[in-house]
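To keep things clear, I will list the structure first and then write my remarks on it.
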Ligand code: GDP
Ligand code: MG
């Protein structure tokens, strides 16, 4: 159909965090409801579009995933441009990925506006037995850095994935 798509809001959401924390799996899970163990680099699209409806408002989400650049620490300014929200993702079983959130926050400070919404996401909560970062520690960290929220998710088990995007979108609607 060549019908022009109508929507009430358009928000740009960007995902950052170390390579391997599960950013691509989170986006794909939200987009299609599927989980694949491995996404080839050819999947490395710049962004995914998903339209959701909340309270009769049609909201278009433009979700940016890094296409693997984070492996080389070369995420550029243009990736962050005009972002409404930033999802900072770590792996609850990898201490380093949590420590590096501070480094990712430096990028956020440099490249985004003051009122960008920040959400801390602890992925792989299906691996409870291998957990290295407590929920409490992450919660305190998110408060220290004035984040909108902290949530633990599992792209594998589909735990809290939709909730993360919906809560964030509701907040964006209330702010715009
Ligand atoms: P990215 O580099 O941040 O985009 O990470 P990927 O989405 O490519 O995922 C990296 C690896 O973590 C892959 O082997 C995934 O199968 C795995 N993975 C992603 N999400 C989960 C999860 O929720 N639980 C578990 N157990 N593994 C996950
Ligand atoms: Mg990826």
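In the UniProt record's numbering, the protein residues as written are 3 to 178. Even for Gly, the Cβ is constructed at its ideal location relative to N, Cα and C.
Nearest neighbour of residue i, chosen from the options [CA to CA]
i: residue 117; options: 134, 142, 83; result: 83
i: residue 136; options: 173, 38, 148, 92; result: 92
i: residue 157; options: 86, 126, 18; result: 126
i: residue 122; options: 132, 115, 106; result: 106
i: residue 100; options: 141, 78, 69, 111; result: 141
i: residue 74; options: 21, 112, 34, 80; result: 21
i: residue 153; options: 124, 143, 131, 138; result: 124
i: residue 29; options: 151, 177, 166; result: 166
Cβ-heavy atom distance, residue i to ligand 1, below 7 Å
i: residue 156; result: yes
i: residue 181; result: Residue 181 is absent from the structure shown; the chain starts at 3 and stops at 178.
i: residue 141; result: no
i: residue 137; result: no
i: residue 109; result: no
i: residue 174; result: no
i: residue 10; result: no
i: residue 119; result: no
i: residue 129; result: yes
8 Å contact criterion, which residue i and residue j should meet: CB distance rounded
i: residue 163; j: residue 155; result: 5 Å
i: residue 95; j: residue 67; result: That pair is no contact at about 21 Å.
i: residue 203; j: residue 159; result: In this structure the chain extends from 3 to 178, so residue 203 is not present and cannot be described.
i: residue 15; j: residue 87; result: 5 Å
i: residue 103; j: residue 90; result: 5 Å
i: residue 72; j: residue 18; result: 7 Å
i: residue 147; j: residue 120; result: 7 Å
i: residue 52; j: residue 32; result: 7 Å
i: residue 175; j: residue 54; result: About 11 Å separates the two Cβ atoms, so there is no contact after all.
i: residue 85; j: residue 50; result: Their Cβ separation, rounded to whole angstroms, is 14 Å, which puts residue 85 and residue 50 out of contact at 8 Å.
Ligand 2 heavy atom lying under 7 Å from the CB of residue i
i: residue 35; result: no
i: residue 93; result: no
i: residue 96; result: no
i: residue 50; result: no
i: residue 67; result: yes
i: residue 124; result: no
i: residue 115; result: no
i: residue 19; result: no
i: residue 25; result: yes
Practice prompt. Say whether the region 6-17 touches the region 54-64, bearing in mind that this needs 3 or more beta-carbon pairs closer than 8 Å, one atom from each stretch.
Written response: With the cut-off at 8 Å, the region 6-17 and the region 54-64 touch.
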